[in-house]
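Enquirer: Per the numbering used here, residue -14 is the first one in the sequence shown, and the count goes up by one each step.
A virtual CB, placed ideally from N, CA and C, is assigned to each residue, including glycine.
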Amino acid sequence: MKRIISIKTIAHKYDYFLFDQWGVLHNGYKVFEDAIDCLQELKNLNKKNILISNSSNLTKFSIKGLRSLGIEDELYDYSITSGEIAYRYFEKEIFNKYGNKCFPLSLSKEKIKMFDLNVTKDIKKSNFVLIADIKKGSNIFDFIENLKKMLSFELPLVCTNPDFQVDNNNKIQMCGGTIAQLYEDMGGKVHRYGKPYNPIYMNIIKKFNIKDPKKVLAIGDSFNHDILGASNQGFDSNWIENGIHRSEAKDQKKLDWYFSHFKPNYCQFMLKF
-14 MKRIISIKTI
-4 AHKYDYFLFD
6 QWGVLHNGYK
16 VFEDAIDCLQ
26 ELKNLNKKNI
36 LISNSSNLTK
46 FSIKGLRSLG
56 IEDELYDYSI
66 TSGEIAYRYF
76 EKEIFNKYGN
86 KCFPLSLSKE
96 KIKMFDLNVT
106 KDIKKSNFVL
116 IADIKKGSNI
126 FDFIENLKKM
136 LSFELPLVCT
146 NPDFQVDNNN
156 KIQMCGGTIA
166 QLYEDMGGKV
176 HRYGKPYNPI
186 YMNIIKKFNI
196 KDPKKVLAIG
206 DSFNHDILGA
216 SNQGFDSNWI
226 ENGIHRSEAK
236 DQKKLDWYFS
246 HFKPNYCQFM
256 LKF
């Protein structure tokens, strides 16, 4: 693992750059200006900038959010979200296997409409359970009773955002991936879409006809999602220190454990060209 200050020093090695959004390009409220500069400089070098996000939103809504933060379409070549991948897999992997009646474990009215779901509030009548965005202030104990019921009915849980936590304006909040992991630990069946799981990467590989994984650099702040996902695909990775693990990064023993288990190729404090 090599610590770097500048992406410029390694840019010549890669043709494709996969960028996580939250914690790398912005914090949910404010864009990081050095990140904007990095995207532009890589475009100037004719590199392919690809944004890959564990957002439960469809890609078109994610793009609107990027524009509102000042990340214009011209700065990247493609954007894909875990929500988009989940939506595309509903028919062939969920509905056909289990049925289409959904119990909303944590799901806004907007998401129900967005995913065009057949929702029931009676868990006994549902075929599967969906978790997307979690309300601020929620904790694991808020979900325990429903998880027990789901387990008793052997209901599969679909998770459209596998992240465990998110850095929202410098505040760490729980994500659906934490509840999905808990349900799996309890013995439940879970379907996850997004990093570090295969479908979202297969979408990108097919889109760009990527032949050599070593021509891809994945940049992200989550060891469990960005770095692991890159490793699973044979991509090189650059871990961003001042993100979701920033508190743990102050503990050298913890950091050494992460490095030894996830093995990022590079480490950078914040994204900078």
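Buried or exposed: where does G162 fall if 16 or more other Cβ atoms within 10 Å of its Cβ makes it buried?
Expert: Around the beta carbon of G162, a 10 Å sphere encloses 16 or more other beta carbons of the protein chains shown; the residue is thus reported as buried.
Enquirer: Is the beta carbon of G179 closer than 8 angstroms to that of V67?
Expert: Note on identity: in this sequence residue 67 is Ser, with Val being the wrong assignment. Yes, the pair counts as a contact, with Cβ atoms nearer than the cut-off.
Enquirer: Can you tell me the Cα-Cα spacing of I(-11) and D101, whole angstroms?
Expert: 45 angstroms
Enquirer: Just to confirm, is the Cβ distance from S41 to N146 under 8 angstroms?
Expert: yes
Enquirer: Would you list the residues sitting across from T66 in a DSSP beta bridge?
Expert: S38
Enquirer: For the beta strand (DSSP E) containing R177, list its first residue and its last residue.
Expert: 175 to 177 is the extent of the beta strand (DSSP E) around R177.
Enquirer: Along the beta strand (DSSP E) that carries M159, what are the first and last residues, could you check?
Expert: That run of the beta strand (DSSP E) goes 156 to 159.
Enquirer: Could you check what DSSP says for L3 in three-state terms: helix, strand or coil?
Expert: strand
Enquirer: Does DSSP put I204 in a helix, a strand or coil?
Expert: Annotated three-state conformation of I204 is strand, per DSSP.
Enquirer: Check whether the region -10 to 6 touches the region 237 to 248, counting contact only when three or more Cβ pairs, one atom from each stretch, lie closer than 8 angstroms.
Expert: no
Enquirer: CB S207 to CB A215, shorter than 8 angstroms?
Expert: no
Enquirer: In whole angstroms, what separates the C-alpha of L60 from that of M159?
Expert: Near 30 angstroms, if we compare the C-alpha coordinates of M159 and L60.
Enquirer: Indicate the three-state DSSP secondary structure (helix, strand or coil) for S222 in the structure shown.
Expert: strand
Enquirer: So who's on the other strand from C87, going by DSSP bridges?
Expert: Its beta-bridge partners are V104, F113.
Enquirer: Quick one: what's K33 bridged to in DSSP?
Expert: Y1
Enquirer: Using DSSP bridges, identify the partner residues of N194.
Expert: Per DSSP, none; premise fails for N194.
Enquirer: On the CB-based measure, 16 or more other CB atoms within 10 Å of its CB, does N250 come out buried or exposed?
Expert: buried
Enquirer: For K248, does the three-state DSSP call read helix, strand or coil?
Expert: coil
Enquirer: What whole-angstrom Cβ distance do I79 and V9 have, given they're in contact under 8 angstroms?
Expert: No, I79 and V9 are not in contact; Cβ-Cβ is about 30 angstroms, not under 8 angstroms.
Enquirer: For A203 and S38, what's the separation of their Cα atoms in angstroms?
Expert: 12 angstroms
Enquirer: Bridge partners of Q253, per DSSP?
Expert: I225
Enquirer: Is the region 89 to 99 touching the region 109 to 129, taking contact as three or more C-beta pairs under 8 angstroms?
Expert: yes
Enquirer: Our contact map puts Q253 next to I212 with C-beta atoms below 8 angstroms; I'd like the distance itself, whole angstroms only.
Expert: Taking a contact as a CB-CB distance under 8 angstroms, the pair Q253 and I212 does not count as one, their CB atoms being some 12 angstroms apart.
Enquirer: When you compare only the Cα positions, how much space is there between N81 and F75?
Expert: 8 angstroms
Enquirer: I need the DSSP call for N146, collapsed to helix, strand or coil.
Expert: coil
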